[in-house]
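**Q** Protein chains in written order, with the numbering used here: chain R, 39 to 140; chain E, 9 to 508; chain S, 289 to 535; chain Y, 4 to 657.
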Amino acid sequence: MEELTATHFLLLSAALFIIGMMGVLTRRNVIVIFMSVELMINGVNVALIGFAWEQNSMVGQSFALFVIAVAAAESIVGLGIIMALQRRIDTIDVADVRQLRE
Amino acid sequence: MLPGLETVNPDLALLTPHLIILGLALLLLAIDVIVPRWRGAPMAYLTIIGYAAALVATLLMIDTNETTFNGMFRADDFSVFVNIIVLTAGILSVLISINYMTSRAEPGSMPVPEYYTLITFSILGTMIVGAAGDLLIVFLGIEMTSLAAYTLTGFARHRTTSLEGALKYFLLGLFASAILVYGMAWTYGATGTTNLTEIATELTAFDTAGGVEASLLLAVLLVIIGLGFKVAAVPFHMWTPDAYQGAPTPVSAYMSVIPKTAGFAAMVRLLVQAMAPLRDEWTIIIAVLAVVTMFFGNIVAIAQTDVKRMLGYSSIGHTGYMLAALAAFGASSDLNDDLSVTSLLFYLLAYAFMNIGAFAVVTWLQDRGRGVDVEDFRGLASQSPYAAVIMTIFLLSLTGLPPLVGFYAKYYVILATVDADLIWLAVAIVLASAASAFVYLRLIATMYFSQAEQPAPEGSTPFLGAGLITMVAGTVLVGVFSGQVIDLAQEWVEALTVPF
Amino acid sequence: MSTEVLVFDILAVVAVIAALGVILARNPVHSAVALIVTFINLAAIFVMLHAEFLAAVQLLVYTGAVTVLIVFVIFLVKVDDLPEFYGGNPVQRIFALLIGLALLGEVAAAILTRSAIGASDIWTAEAIADAGGNAEVIGQVLYSEYVLAIQITAVLLLVGTVAALVLARPASATLPDRVKRTGLISLAHPRGADREVAAALPAGLEASRRGETSGVRFDDRGVILVDNAEAFTDQTAWGGDRLEGDD
Amino acid sequence: MSDLLFLIPLLPLLAATINFVFGRRMADAQTAWLATASIAGSFALSLAAFGNQLDSDEPLTQHLYDWIPAGLFHVPLNLYVDHLTAIMLLVVTSVSLVVHIYSQGYMAGDPGFYRFFSFLPLFVFSMLMLVLADNFLVIFFGWEAVGLCSYLLIGFYFKRHSANQAAKKAFIVNRVGDFGFATGIMLIFWKFDSVVFSEVFARLELVSVDTLTIIALLLFTGAAGKSAQLPLFVWLPDAMEGPTPVSALIHAATMVTAGIYMLARMYPIVSASSDAMFVIALVGAITAFMAGSIALTQFDIKRVIAYSTVSHLGFMAFAIGVGAWVAAIFHLFTHAFFKGLLFLGSGSVIHGMHEEQDMRKMGGLRKYMPTTYWTFAIAAASNAGIIVFAGFFSKDEILVGGWLDHQYALTIIMFGAAFFSSLYIFRAVFMTFWGEERFDPEHVHPHESPRIMTVPLILLAIPAFAAGVVGLPPEDGWIHDFLEPAFHVEEHAEETASAIAIFQEGEEHAEEGHHVSTAMTITFFALSTVLAIGGLAIAYLAYVAKHPAFDPRAWAERAGPVYDLLYNKYYLDEIYERLIIHPLYWISENILWKIVDIEIIDGTVNGVAATVNYSSNQLRRVQTGFVANYALAIAIGAVIVIGIALALQSDLLG
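In structure tokens, the structure reads:
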């Protein structure tokens, strides 16, 4: 590990991605789940930028920029749903939101 | 200008259908503000006219096969077929929505203008996926479709289940999107490009003797998982029944076709076009997913009592058949003989008619104050024989009985799998279809052999009626003329391999 | 070990610890703060990767906009109501941990055996510096190769806006003006609703008269009593856009 | 012309669809005229097609589209008109047209009027598809579709229990035949790799004669079901529960002759096997004789005609069996007119007698309904084979054909059947229209039917009298010249020497037919005439002149058991009941139900169903409603998929 290589960044990206995933799996607060997904997306961005750095290309950076933009659009929608639901049944606990089930 | 960059000189004519749809969406938004009186039916007319115009523009582009925006946009015949599927499905969805939006089937009011706007945006997203020449465009198109779909699922804001369906769909969709884009990142890392045809070229260079490089395989797998969610493949399907049940019924109908088409179009673009050199690896994964999906969907559908939920599971089952079509890819290196993508496209078109049709009959009942339980179909044959006959046609088509379109759809998929020497997959399709017959026949039996307990449904829903007739005609005629359709599809699919 | 690696390691470790903080903190506000820490660390790492522009975007969009939005929502929701851990089912947590470790193992195996590396492009650090810096280059790239993507993203953000509008705006805004007027006038009426207005109210209010929904009550004089205007207008029972007897 | 062929079946289909969908909201007259006009259009087009074929040996074909285009199984949907089809088109559309007009009077005021006028054109569509088919799948489609329409129309008065029973019987009995037909088609596809007629005929030499025999017999099973041959004819007399115009169109003129048409169409296959030919001739002869004898004892006027139909179908099958397929089609042609007329006439009688069908309660009707009487008499004479009437010439050719094929014993049986034909039909005429009035004048006031019903009778009476001219001179008439090229064309088109060789065997009979000596012709003319006049005379003596030597009641008593046998239709229904239905019930109840069904099948099915249900119920529990669980499912799926794929397909472990 003398030199900084893409492996470093990829391991960091995998760590963030999987921590985010575990957050989605374990939390029941909708907002925290939402934050966990943001973590996953950031993990992806690290990977993209790491690859771009490794290959001396701009493609990864540009891609990451669009991923950030998409994440922003998603967060608008997500927070909209959360607001509507909260107004409707006064909770953001996903465990309370389970009328639809077998 | 920096080195290595080219001035963009896009050929916007290639985007005509997309631009029409975009213009329509903006127009609908503007009308809401400028002419509020046009909310409702006039808006729906406008939407349908817009879709029809885009359809015409699409048909004029047959055999164009060009790219623009530095290869990011591919106006090839594959995109033409995707456009045809989604625009047809769009027209049908709008037709069955008009009466529902003003009926009392949902508590509270729904903002009509935004409804059509969002459906239009969702269609635009799917059309973008269909014409994508780059991973990034696929991703953006899928996201556009999905964002609109999440919102539409929660459109009945005054019903908690609707919002719940939207929330689940949204959270899991986000999760899957992250997985998908991670897979795209890995693809980029391994090949150094995001252009689909260039990826294919790069992948050919890798030596796959003794197993594929793990990072490459990881890229393929993450993409399959991410898209598997979008098309509702087991075990990534969990959102489907809840979202279908929760969403307003016309939205469930729309959701069963348009986002699914986006998912499959993306699969074709990514797997068939870009990752064709790895087909030995991914076809087998897809085949296994297909079998699991078709059996799971059809078997669990049997125990359902809510018709929307049942159709949700049945749609999972149908995803299985479509995946089977995809798994048959690569039987021969020559796409001209390859039925896989062709049969997949045909299946999607067939599915648009019969499944939106089945949901339309549910809508028809809801508009008349009935519920969506299997019990609500009791004795329908004696009370509204036409509705029962129409529903029977759709259900039989979903079962796969000749001469309805569903039969041909399955027939071509089976043919594709047999051509690919995947006999076990063909057998699985037949067995799963047999299991699915339980599901549909039970509903038919309820309509014909039970005594009605509720008063006869009454009401007037002219648009829905027109939509139903269109879909019955489609279910019958596309089946009857399947030969022509499949020939066209075959011809167009060949465009996938042309690098131009 | 070069300084570069050391700096990276420190930043990465902090980012990962903060990420763990996001998913482990009991209080969502703490989660949000941990998220901000992660984002800032990542921005720093982006700088190391010669992605200065992205680092700025990371700070502005994520740390700035998104996190503020999240915190805003947290405060809109009563903090007392915020649920804690998904405590009821430890099995789920154990499963999640196992799954996470398994996936980490799989991905790590792929990372460590990686040999498929895309061909190198021309944008070395020197080339970028010659061309006027990262922001200059990324701008050029975006507006040449990625024009289409930018357009689509613009539409995507519009979709997000429309979606948020649909979901988050109060229902009363979509009710026909007449319903709004009659409803609000009756509220403002010194004696509550008069009979005429009450008769014109949607059938759904009848349900609330029977006490099926909370927030709106009728007293024995037939006067509508509501806790606040929102409770009155945001009734599930309005039943469509039309008033009863409208046609 | 070729390009317009599709309109022939399409017009009735359109009319049927419109009437079915909108009929309830349309006036009765509108639905009726729409249907009639569509048939008239088809008739006009058929005439044009026929005219085209008159001076052309080139069949008309129209390629509609590829029904199943891809893969192993290539089935084009073509419409195909050669001389044989042209004649059938004419028969089907003309009789349909007349029946449609007639039905407007007959069905007037019926609550199911629009339903009737959507089923009837639907039937015509199906029948036309059957006739126009150029491959086995399309003919099978038409075959099943006419069966379905017949089923719907027999059970038209679905509130009547007997109508439902009859419909069910027709349905079940026809399934037996269809099963044989379908098996035959599958065998053909297996052996010839094609279902297109011309391709199959061209490859005949590739298949052994034994296989051809099996195929021919299977095809004949199908024909026996549809064309009411022994032992499957039991459904046809019961089918008279349907409205009388239906009996005329479907159960006399068109659908029941589909089997004969099919055998004639398949003649190259059928004639390649002499064993199959003999079986067909034998069954035809026995059917003709048995049905004719049963008809002697029946009192229900429609049943007499129904058994007469069965008998004449036996004649046609016999003709096929002895290689005189031209004669069979000739008889089909004349029979369609006179039998259709007989049914319509009987319908007119029933209409005039206020739904009375028992001839014992009729008599002396000729002065009340003269038009019906005269047309009925013409049809009866034709049916009886009185010389110069159409039926005489066609029937005579069948008998000659039998004799030339050296089936002397069977031909003699056929003479018997011909005698019965005359006897029973004039018995019906005399019982109905002559003699004393046996009805109750207080309640029944016989009257002539309205113009809309009598005009069709007159229209049909013309061909029933004169259609025989197409067969003149005997054995070498125009119809021979016209029909025989039907197969020659294919031969020349294929130019396969061996195919011709096989074909020749069957062709010999026809060739011989051209060299019938004048003496023989005259002998047969004389014999038939004597028998027909004899039948007429006996019927006259017995029922009009009341000659004591011919008192039917005395004869019935004298014949005792024979009479009972005939009166009870050879106890066929009872035999079926005892031999098939009872044992089936017994077996199904005691073995199939109690052991196989309950123990094995129920066990298995319930087991499977229970397993499916159980797994369904278990699997659905996965759907807990928790988002976290759903995400977990995705994650577990992802880990498993990635793990297995990495282990098996990557270079990590290898």
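Backbone N, C-alpha and C fix where the C-beta goes; we use that ideal spot for every residue, glycine too.
It should be emphasised that the depicted structure is a prediction, and the values quoted were computed from it without experimental measurement.
Considering only the beta carbon of each residue, do Phe47 (chain R) and Ala85 (chain R) sit closer than 8 Å?
**A** Yes.
**Q** How many angstroms separate the CA atom of Leu345 (chain Y) from the CA atom of Phe281 (chain Y)?
**A** Each residue's CA atom was taken as its position, placing Leu345 (chain Y) and Phe281 (chain Y) some 31 Å apart.
**Q** For Thr159 (chain E) versus Leu126 (chain E), is the C-beta spacing smaller than 8 Å?
**A** yes
**Q** Give me the DSSP bridge partner(s) of His66 (chain Y).
**A** Y:Asn81
**Q** Going by Cα to Cα distance, which pick from Y:Phe119, Y:Asn138, Y:Ser296 is closest to Phe192 (chain Y)?
**A** Y:Asn138
**Q** With burial defined as no fewer than 16 other Cβ atoms inside 10 Å of the residue's Cβ, what is the status of Tyr44 (chain E): buried or exposed?
**A** The identity of residue 44 (chain E) in the sequence shown is Pro, whereas the question assumes Tyr. Exposure of Pro44 (chain E) is indicated by the presence of fewer than 16 other C-beta atoms within 10 angstroms of its C-beta.
**Q** Does the count of Cβ pairs from the segment 173-189 of chain E and the segment 251-264 of chain E closer than 8 Å reach three?
**A** yes
**Q** In chain order, what residues of the same chain have a beta carbon less than 7 Å from the beta carbon of Ile416 (chain S), not counting five sequence neighbours either side?
**A** His338, Asn422, Val425
**Q** Given a limit of 9 Å on CB to CB distance, which residues of the segment 63-87 of chain R reach chain Y?
**A** Taking 9 Å as the Cβ-Cβ cut-off against chain Y, the residues of the segment 63-87 of chain R that qualify are Leu63, Thr64, Arg65, Arg66, Val68, Ile71.
**Q** Do we get a CB-CB distance below 8 Å when we pair Met59 (chain R) with the residues of chain Y?
**A** Closer than 8 Å to some Cβ of chain Y, the Cβ of Met59 (chain R) qualifies, so yes.
**Q** In terms of residue numbering, what span does the alpha helix (DSSP H) encompassing Arg369 (chain Y) cover?
**A** Arg369 (chain Y) -> no alpha helix (DSSP H), and no H or E assigned at all.
**Q** Just verifying my parser: in three-state terms, what is the DSSP assignment at Phe402 (chain E)?
**A** helix
**Q** Consult DSSP for Ser658 (chain Y) and reduce its assignment to one of helix, strand or coil.
**A** Nothing can be reported for residue 658 (chain Y), as the shown portion of chain Y is limited to 4 through 657.
**Q** Chain Y beta carbons: is any one of them nearer than 8 Å to that of Gly375 (chain S)?
**A** Because Gly375 (chain S) sits at a pLDDT of 46, beneath the cut-off of 50, its placement in the model cannot be relied upon, and the following sentence gives the value as read from the coordinates. No, no contact with chain Y.
**Q** Is the CB-CB distance between Ala139 (chain E) and Phe81 (chain E) below 8 Å?
**A** Yes. Within cutoff.
**Q** Step through the CB atoms of chain R and report whether any lies within less than 8 Å of the CB of Ala631 (chain Y).
**A** yes
**Q** Just the C-alpha distance for Glu292 (chain S) and Thr43 (chain R), rounded to the nearest angstrom, thanks.
**A** 10 Å
**Q** With C-beta atoms as the reference, is Gly295 (chain Y) less than 8 Å away from Ser314 (chain Y)?
**A** yes
**Q** Would you please verify whether the beta carbon of Leu182 (chain E) is less than 8 Å from any beta carbon of chain A?
**A** Among the protein chains in the structure shown, which are R, E, S and Y, there is no chain A.
**Q** Ile127 (chain R) versus chain S: which residues are under 7 Å apart at the beta carbon?
**A** What Ile127 (chain R) touches in chain S: nothing, since even the nearest Cβ is about 11 Å away.
**Q** For a test of the three-state rule: what should DSSP assign to Ala495 (chain S), helix, strand or coil?
**A** For Ala495 (chain S), the predicted model reports a pLDDT of 43, less than 50, meaning its position is unreliable; a value from the coordinates is still stated below. Helix at Ala495 (chain S).
**Q** Quick one: give me the first and last residue of the beta strand (DSSP E) that Ala83 (chain E) is part of.
**A** 81-83
**Q** Applying the 10 Å Cβ sphere with the 16-neighbour rule, what's the burial state of Trp406 (chain Y)?
**A** buried
**Q** Contact between the segment 97-116 of chain Y and the segment 226-235 of chain Y: three or more CB pairs below 8 Å?
**A** no
**Q** Do Leu347 (chain Y) and Pro459 (chain Y) have their C-beta atoms within less than 8 Å of each other?
**A** yes
**Q** Does DSSP classify Asp381 (chain E) as helix, strand or coil?
**A** strand
**Q** For my contact list, Leu472 (chain E) and Leu35 (chain E) are in at a C-beta cut-off of 8 Å; report their separation, rounded to the angstrom.
**A** Their Cβ separation, rounded to whole angstroms, is 24 Å, which puts Leu472 (chain E) and Leu35 (chain E) out of contact at 8 Å.
**Q** Could you tell me the distance, in whole angstroms, from the CA atom of Asp576 (chain Y) to the CA atom of Ala333 (chain E)?
**A** For Asp576 (chain Y) and Ala333 (chain E), the distance between alpha carbons rounds to 53 Å.
**Q** Going along chain Y in order, which residues have a C-beta closer than 7 Å to the C-beta of Lys176 (chain E)?
**A** Val630, Tyr633
**Q** Check the Cβ-Cβ distances between Asp418 (chain S) and every residue of chain R, and say whether any is below 8 Å.
**A** No, Asp418 (chain S) does not count as interfacial toward chain R.
**Q** Any Cβ of chain Y within less than 8 Å of the Cβ of Gly491 (chain E)?
**A** Yes, its Cβ sits closer than 8 Å to a Cβ of chain Y.
**Q** Return helix, strand or coil for Asp65 (chain R), following the three-state DSSP convention.
**A** The residue asked about is misnamed: residue 65 (chain R) is Arg in this sequence, not Asp. Arg65 (chain R) falls in the strand class under three-state DSSP.
**Q** Which residues in chain Y have a C-beta closer than 7 Å to the C-beta of Ile293 (chain E)? List them in chain order.
**A** Val644, Ala648
**Q** Since Glu510 (chain E) is in the beta strand (DSSP E), which residue starts that stretch and which ends it?
**A** Coverage of chain E is limited to positions 9 through 508, which leaves residue 510 (chain E) absent and any answer about it impossible.
**Q** Phe383 (chain S): which of R:Gly118, R:Glu41, R:Leu63 sits nearest, CA to CA?
**A** Closest option to Phe383 (chain S), Cα to Cα, is R:Leu63.
**Q** Give me, in chain order, the residues of the same chain whose beta-carbon lies closer than 7 Å to that of Ala198 (chain E); leave out the 5 immediate sequence neighbours on both sides.
**A** Closer than 7 Å at the Cβ level, and outside the excluded window around Ala198 (chain E), lie Ser223, Leu224, Ala227.
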